[in-house]
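Asks: For the sequence shown, this note's numbering gives the first residue as 329, with consecutive numbering after it.
Backbone N, C-alpha and C define an ideal beta-carbon position, used for all residues, glycine too.
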Amino acid sequence: MQIVVIGAGNLATSLVPAFARCGHQITQVVSRTLPSAEQLALFVSQNYSQRVEALANIAKVTADADLYVLAVVDDVIPLVAAELVKVIGSGKHIVCHTSGSVPLGTLLAYFEHSAVFYPFQTFKKTEPLLFDDIPLFVEATDDTTRTTMLALARQLSDEVYVSTSEQLKRLHIAGVFANNFTNCMYAIAREQLDRAGLPFSVLLPLIGKTATKVKTINPRDAQTGPASRGDTQTINQHLRLLGENERQIYEAVTQNIIKHTSSDEI
């Protein structure tokens, strides 16, 4: 396919080369920050022998591509769609976005053939990823669009799912808890260790063990710690050592654990 990618940030930096590796032609990369678009276009040109145009203006996007991918932050998807439809029209092309929290209807308001193409992973511009084992979720407005997007997804990943907007909202929430909030907890843990004069590395075996356990058992069944065993003495000791913000987090999570678990385990 001839593909135009709008966005040159964290996800696009991995997604654009992935499309090129599968043999698709990246016609244009569009970004408000032109140097970012140029850098990504140059990478594809050098590594996959493709002529890729870098643009900063959606008004200059070609109307001849097969697929337009909006790899932009959630808030600007409607704005980008409103600009893009002026250039390519509403009925001929497939247009997809890559967000798990923006419903398909946001694009359907502008384009007849719309889709969600959501890779369930965290991306960093400085660390491009392969998609082989990244779950890819596809939602589409019609059978033809769905077939096209599923075929594209299966070229990239071994784990592809047909989904709905409601499922993706729940999936996105799950990702925030499992990844974003967990990383916040790591940051708080590091602050506690810094105060104790200890390196963060002492936590790594524990983090690794927890991550391994939840691959095979229900996380609720894997729960350990003072809250799960009703150890109020230890909980109160911890609360006395924490600042106000950390204390509120500790109390909220502790109450959730107490509500859902009861265990004599450590």
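State yes or no: is the C-beta of N375 nearer than 7 Å to some heavy atom of the ligand MG?
Replies: As presented, the structure is devoid of all ligands, the ligand MG included, so that no description of it is given.
Asks: Please go through the segment 335-417 and give each complete beta strand (DSSP E) segment of 3 or more residues, from N-terminal end onward.
Replies: 353-358, 381-383 and 395-398
Asks: Anyone know if the C-beta pair for T434 and P456 falls short of 8 Å?
Replies: Going by C-beta atoms, T434 is not nearer than 8 Å to P456.
Asks: Can you have a look at E572 and say buried or exposed, based on whether 16 or more other CB atoms are within 10 angstroms of its CB?
Replies: Burial is judged here by how many other beta carbons sit within 10 angstroms of a residue's own beta carbon; E572 has fewer than 16 and is exposed.
Asks: On the three-state DSSP scale, how would you describe A443?
Replies: strand
Asks: With DSSP as the reference, identify every bridge partner of F465, one or two as the case may be.
Replies: Answer by DSSP bridge pairing, in chain order: Y446 and Y489.
Asks: Rounded to the nearest angstrom, how far is the Cβ of A393 from that of T355, given a contact under 8 Å?
Replies: 5 Å
Asks: The alpha helix (DSSP H) spanning V581 covers which residue range?
Replies: E572 to H588
Asks: As a quick exercise: from T472, S556, Y578 and H566, pick the residue whose alpha carbon is nearest that of H588.
Replies: Answer by Cα proximity: S556.
Asks: Taking three-plus beta-carbon pairs below 8 Å as touching, is the segment 402-421 in contact with the segment 446-454?
Replies: no
Asks: Given this structure, state the Cα-to-Cα distance separating Y376 from T473, to the nearest angstrom.
Replies: 26 Å
Asks: If I'm right that N338 touches K497 with Cβ under 8 Å, what's the distance once you round it to whole angstroms?
Replies: Not quite, the Cβ-Cβ distance comes to about 21 Å (not below 8 Å), so this is no contact.
Asks: With three or more C-beta pairs closer than 8 Å as the rule, is the segment 379-398 touching the segment 355-366?
Replies: yes
Asks: Determine the extent of the beta strand (DSSP E) in which I422 is found, giving its start and end residues.
Replies: Segment I422 to H425, the beta strand (DSSP E) holding I422.
Asks: Give me, in chain order, the residues of the same chain whose beta-carbon lies closer than 7 Å to that of A348; leave out the 5 immediate sequence neighbours on both sides.
Replies: I354, V372, Y376 and Q378
Asks: Enumerate, from N- to C-terminal direction, the unbroken beta strand (DSSP E) stretches of 3 or more residues contained entirely within the segment 483-547.
Replies: 488-490
Asks: Based on Cα-Cα distance, which residue from Q565, F459, R568 and T560 lies nearest to Q583?
Replies: Taking only the C-alpha atoms, the option nearest Q583 is T560.
Asks: Which of the three DSSP states, helix, strand or coil, is assigned to Q330?
Replies: strand
Asks: Whose C-alpha, out of Q374, A550 and V357, is nearest the C-alpha of K388?
Replies: V357
Asks: Going by beta carbon distance, what residues of the same chain come within less than 6 Å of L567, once the five residues before and after it are set aside?
Replies: R575
Asks: So which of I462, A391, V490 and G428 has the shortest CA-CA distance to S342?
Replies: I462
Asks: Compute the Euclidean distance between the alpha carbons of F459 and A346, then round it to the nearest angstrom.
Replies: Approximately 7 Å, taken between the alpha carbons.
Asks: Whole angstroms are fine: how far does the CA of D486 sit from the CA of G351?
Replies: 17 Å
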